[in-house]
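Novice: Numbers 8 to 266, taken from the working numbering, label the letters of the sequence shown in order.
Cβ atoms here follow ideal geometry from the backbone N, Cα and C, with glycine treated the same way.
Handing you this structure, nothing more for now.
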Amino acid sequence: MSDGFSRELIQRLREARHILVLSGAGASAESGIPTFRDALTGLWERFDPSQLATAEAFQADPEMVWGWQEWQRTLAARCQPNPGHLAIARLQTLVPHVTVATQNVDDLHERAGSDTVVHLHGSIHSSRCFDCGVDWAGPVPTEAELSADAPEGGRRLAPPRCLDCGGMIRPGVVWFGEPMPQREWSIAEYAAMACDVAIVVGTSSVVYPAAELPRLAHSWGALVVEVNLERGGLEDLGGHFLGGAAGQVLPALVDTAWP
Ligand code: BV8
Ligand code: ZN
Numbered sequence: 008m009s010d011g012f013s014r015e016l017i018q019r020l021r022e023a024r025h026i027l028v029l030s031g032a033g034a035s036a037e038s039g040i041p042t043f044r045d046a047l048t049g050l051w052e053r054f055d056p057s058q059l060a061t062a063e064a065f066q067a068d069p070e071m072v073w074g075w076q077e078w079q080r081t082l083a084a085r086c087q088p089n090p091g092h093l094a095i096a097r098l099q100t101l102v103p104h105v106t107v108a109t110q111n112v113d114d115l116h117e118r119a120g121s122d123t124v125v126h127l128h129g130s131i132h133s134s135r136c137f138d139c140g141v142d143w144a145g146p147v148p149t150e151a152e153l154s155a156d157a158p159e160g161g162r163r164l165a166p167p168r169c170l171d172c173g174g175m176i177r178p179g180v181v182w183f184g185e186p187m188p189q190r191e192w193s194i195a196e197y198a199a200m201a202c203d204v205a206i207v208v209g210t211s212s213v214v215y216p217a218a219e220l221p222r223l224a225h226s227w228g229a230l231v232v233e234v235n236l237e238r239g240g241l242e243d244l245g246g247h248f249l250g251g252a253a254g255q256v257l258p259a260l261v262d263t264a265w266p
């Protein structure tokens, strides 16, 4: 049962000097990007993360992993920010400091207008050499290469080769077993400690260390607000649960707090 927009919640939002937004795949769901774990549409229902999102998987089957991530990239490029992304972007015109720490590898927060976005799990729009690490900004496959009838999750596609050392080009995402980028993690950790309100939107809170952030925020006195279709295991933080779709709840919350 949703807590609704209590007077306390609205007051804390209005008084906030710093708001942290931690987003997961559910924040992009209404834009048309499948989530990872939703039973109905979750990609992980079809693909085992250890089969796809690890360096070992890439070395074992680079065409499968590169094809899947290129499908993700092409899909994300076709999608548009939804009203939830736009409401988050609007926050920065209303609150002195807003930090968006996203687990998502799409760029929908940026395209909605959010300025301070840190990608804890990297970005599908960046690539680098698996061997020497040099950034690779080469051409992305054309639609013809990733034909529209590609099965959900993409098709086998050989990764490009590094012009410097000939190594395979890999997606600039953080795979399981890889550390998060230090700069992004530090920014998110600081924001969790400094924020007055932490809005946790569209995440199942199962991937660590990102899932630690709401707890860190709570331990430093922040009010934790969860926006999700279902509760995600944050009840013990004594925050607010706003049940519903991000694209509906977030605009309503921001409009109520700042009419
Ligand atoms: C690391 C990139 C160490 C790829 C991803 C404890 C501590 C530390 C690590 C671990 C630990 N326990 C286990 C680990 C290992 C692992 C981990 O957490 N495993 C899990 C599965 C148990 N963690 C790691 O490997 C991390 N690295 O720890 O390194 C290290 C340190 C030093 C040196 C070497 C190593 C790295 C994890 C990053 C993995 N990469 N993505 C890609 O995306 O292609 S994770 C992947 O899952 C995505 O980033 C995704 O964002 C993330 C989390 O999923 P969610 O975003 O929450 O999505 P999900 O589908 O699960 O949930 C959607 C939610 O939205 C649901 O709740 C649903 O109800 C809701 N929803 C749906 N629609 C809507 C909605 N809500 C609102 N509105 C809607 N419309
Ligand atoms: Zn190289």
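1) Kindly list the residues whose CB is nearer than 6 Å to the CB of A60, restricted to its own chain and excluding five residues on each side of it in sequence; keep chain order.
2) So P221 is in the beta strand (DSSP E); what residue range does that whole segment cover?
3) Is the number of C-beta pairs between the region 105-121 and the region 31-38 that are closer than 8 Å three or more?
4) I'd like to confirm something about D142: is its beta-carbon nearer than 8 Å to some heavy atom of ligand 2, or not?
5) How about A259: is its Cβ closer than 8 Å to a heavy atom in ligand 1?
6) Tell me whether S212 is buried or exposed, calling it buried when 16 or more other Cβ atoms sit within 10 Å of its Cβ.
7) Give every residue of the same chain whose Cβ lies closer than 6 Å to the Cβ of E22, excluding the five residues on either side of it in the sequence, and list them in chain order.
8) Measure the alpha-carbon distance for A46 versus E237 and round it to whole angstroms.
9) Within 10 angstroms of the Cβ of S121, are there 16 or more other Cβ atoms? Answer buried if so, exposed if not.
10) Report, in whole angstroms, the separation of the C-beta atoms of S130 and G91, which I expect to be a contact under 8 Å.
11) Just list the alpha helix (DSSP H) runs in the region 15-102, keeping only unbroken ones of 4 residues or longer that don't cross its boundaries, in chain order.
12) Would you call the region 126-140 and the region 164-180 touching, i.e. three or more CB-CB distances under 8 Å?
13) Assuming contact is defined by CB atoms lying nearer than 9 Å, are S35 and L164 in contact in what I supplied?
14) So, using beta-carbon positions, are L249 and F12 closer together than 9 Å?
15) Tell me the residue span of the alpha helix (DSSP H) that contains H128.
16) Residues bridged to I206 by DSSP?
17) Which one of G228, S38, A201, W73 has the shortest CA to CA distance from V105?
18) Do you know how far the Cα of H25 is from the Cα of I95?
19) Once DSSP output is grouped into helix, strand and coil, what is the label at P258?
20) Buried or exposed: where does V141 fall if 16 or more other Cβ atoms within 10 Å of its Cβ makes it buried?
21) Given a threshold of 16 other Cβ atoms within 10 Å of its Cβ, counted over all protein chains shown, does E37 qualify as buried or as exposed?
22) Are the CB atoms of H128 and A205 within a distance shorter than 9 Å?
23) Go ahead and pull the three-state DSSP assignment for A5.
24) By how many angstroms is the C-alpha of A195 removed from the C-alpha of A119?
Specialist: In short, the structure shows the following:
1) W182, F183
2) Taken as a continuous stretch (DSSP letters only), P221 belongs to no beta strand (DSSP E), being part of the alpha helix (DSSP H) at 220-226.
3) yes
4) no
5) no
6) buried
7) none
8) A caution first: A46 carries a pLDDT of 49, below 50, which makes its placement in the model too unreliable to give a value.
9) buried
10) Going by Cβ atoms, the distance from S130 to G91 rounds to 19 Å, so no, they are not a contact pair.
11) 33-36, 50-53, 56-59, 62-67, 69-85, 90-98
12) yes
13) no
14) yes
15) Premise fails: H128 is in no alpha helix (DSSP H) and is neither H nor E.
16) V28, V232
17) A201
18) 13 Å
19) helix
20) exposed
21) buried
22) no
23) Since the first residue of the chain shown is 8 and the last is 266, residue 5 is not available in this structure.
24) 20 Å
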